[in-house]
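Position 3 of the sequence shown, counting from 1, maps to 3 under UniProt numbering, and the rest follow consecutively.
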Amino acid sequence: MSKKTTSELVGEAYANGFRSGMALCGVPEEKGSEPTTNELIQASYRNGFNDGLARGKGHESL
C-alpha cells in the first residue's frame, strides 16, 4: 500500500465534498459528477485565501 501525497488527499477530499453537494441538489452520484481540474484549483485557492485571512486577522504586524 503506497502512501498518498497531500495533493492526492486534498483532491479526494474536494471531490467527495463536490459529490455530496451535487447529491444534495438531487444529482445522482455518477462518473460525470466529478469536479474539473480547474474547479479543484479554484476551490483550493479560495480555501487557502480564506484560511489566510482568518489566521491573519488580529495580527498587528500585518
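In this text, a Cβ means the ideal position worked out from N, Cα and C, and glycines have one as well.
To the nearest angstrom, how far is it from the Cα of residue i to the Cα of residue j?
{"i": "T37", "j": "E12", "result": "12 Å"}
{"i": "G48", "j": "A15", "result": "17 Å"}
{"i": "M1", "j": "P35", "result": "26 Å"}
{"i": "E39", "j": "D51", "result": "18 Å"}
{"i": "L9", "j": "G21", "result": "18 Å"}
{"i": "H59", "j": "A43", "result": "25 Å"}
{"i": "L53", "j": "Y45", "result": "12 Å"}
Does the distance from the C-beta atom of residue i to that of residue j stay below 8 Å?
{"i": "S33", "j": "R19", "result": "yes"}
{"i": "E30", "j": "A23", "result": "no"}
Looking at the secondary structure, which residues open and close the alpha helix (DSSP H) in which residue i lies?
{"i": "E30", "result": "Counting along the chain, E30 falls outside any alpha helix (DSSP H), and DSSP gives it neither H nor E."}
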